[in-house]
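I have placed the structure first, in the form of C-alpha cells, so that the comments after it can refer back to it.
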Amino acid sequence: ALRIDPDFALAKALLATTYTNRAGVALLDNEQVLEQGYRIALEAVEIDPDLPQVYTSLGLVHMFRREYAEAEAAFKRAVQIDPNYADAYGLQGWNSHYAGDPQAGWDSFQYALRLNPRAPFPYLNAMAEIQFSQGNYEKSLELGLEALERNPEALRQRLFLAATYMGLDRIEDARWEIEEALLLQPELRLRDIPFI
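The numbering of the sequence shown is my numbering, which starts it at 3 and goes up by one.
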C-alpha cells in the first residue's frame, strides 16, 4: 500500500506498530528496529494528525522505549479523537501497568473490554502480565493460557507463562514453556530478554 501511496497514514501507523512489535514482543534487534518504528510513527502523525491509530502506534513505540508519559499522552490523544477506540484504552492500560500503576492498567482494560468484549490476544497478554505483577498467579495463568490459545507462537507469552508456573511452583510446566520458547527462537538467551 505504501508503494502505491507513500502518504497513507494508516498504513504507516500499522508498519510502525509492526516494527515495534518485532522489537518488543519478538525480542529481536530491539534498538534499531524500535528506532525505525518510531520514525515511521512520527511520519504517520505528521501525515494525518486526526487519525487515532497514528497516536496508538506512536504511543506503543514510546511505551517500549520506556517513555511512559509520552505514551500516555499519545493514547489520550487517540481517545480524544475516538472515544470508542477500544485498543487505545487497552494500550493505555498496558502503559499504565509498565509506568507503575497496575490497578489503573487493569481498570483501563476493563473499559476496553466493554467496548470490545471479545478480548484479542494483546489484551489477554497484558492483563496476564498485570495479574502476574500483583502475585495473582492463578488469574495470570488463566489469562495467559487463553492468550496462548489465540496466538500459540507468542514467545513473550510463553516466557510469562513459564514465570507464572514458577510462581505456582509448577516447575515441570515452566520447563516445558521454556522448551517451547526455544523452539520458537532457538538463539534466545535470558540475558537478551528485555522485560519492561
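Cβ atoms here follow ideal geometry from the backbone N, Cα and C, with glycine treated the same way.
For the putative contact between residue i and residue j, defined by C-beta atoms under 8 Å, what is the C-beta separation to the nearest angstrom?
i: Leu60; j: Val47; result: 6 Å
i: Thr166; j: Tyr139; result: 5 Å
i: Gln55; j: Ala15; result: 5 Å
i: Ala128; j: Gly95; result: 7 Å
i: Leu117; j: Tyr91; result: 7 Å
Using beta-carbon positions only, say whether residue i and residue j come within less than 8 Å of one another.
i: Leu157; j: Leu186; result: yes
i: Ala214; j: Asp50; result: Summary: the structure shown does not reach residue 214, with the chain confined to residues 3 through 198, and so no result is reported for it.
i: Ala149; j: Phe123; result: yes
i: Tyr57; j: Ala76; result: yes
i: Asp93; j: Leu62; result: The sequence given here places Leu at residue 93; Asp does not occur at that position. Taking 8 Å as the Cβ cut-off, Leu93 and Leu62 qualify as a contacting pair.
i: Leu147; j: Ala183; result: no
i: Met65; j: Ala73; result: yes
i: Gln136; j: Pro85; result: no
In terms of residue numbering, what span does the alpha helix (DSSP H) encompassing residue i cover?
i: Asn118; result: Premise fails: Asn118 is in no alpha helix (DSSP H) and is neither H nor E.
i: Pro85; result: No alpha helix (DSSP H) contains Pro85, which DSSP labels as neither H nor E.
i: Asn138; result: Unbroken run through Asn138: none, as it is neither H nor E.
i: Asp175; result: Ile173 to Leu186
i: Asn32; result: Asn32 to Ile49
i: Gly169; result: Leu157 to Gly169
i: Pro54; result: Pro54 to Phe66
With burial defined as no fewer than 16 other Cβ atoms inside 10 Å of the residue's Cβ, what is the status of residue i: buried or exposed?
i: Leu4; result: Note that Leu4 has pLDDT 48, beneath the 50 cutoff, so the model's placement of it is unreliable and the number below is only indicative. Exposed, since its Cβ has fewer than 16 Cβ neighbours within 10 Å.
i: Ile180; result: buried
i: Asp89; result: buried
i: Asn97; result: buried
i: Arg67; result: buried
i: Ile132; result: buried
i: Gln34; result: exposed
i: Gly102; result: exposed
i: Ile173; result: exposed
Would you say residue i lies against chain C (beta-carbon separation less than 8 Å)?
i: Glu69; result: Of the protein chains in the structure, only one exists, and it is not chain C.
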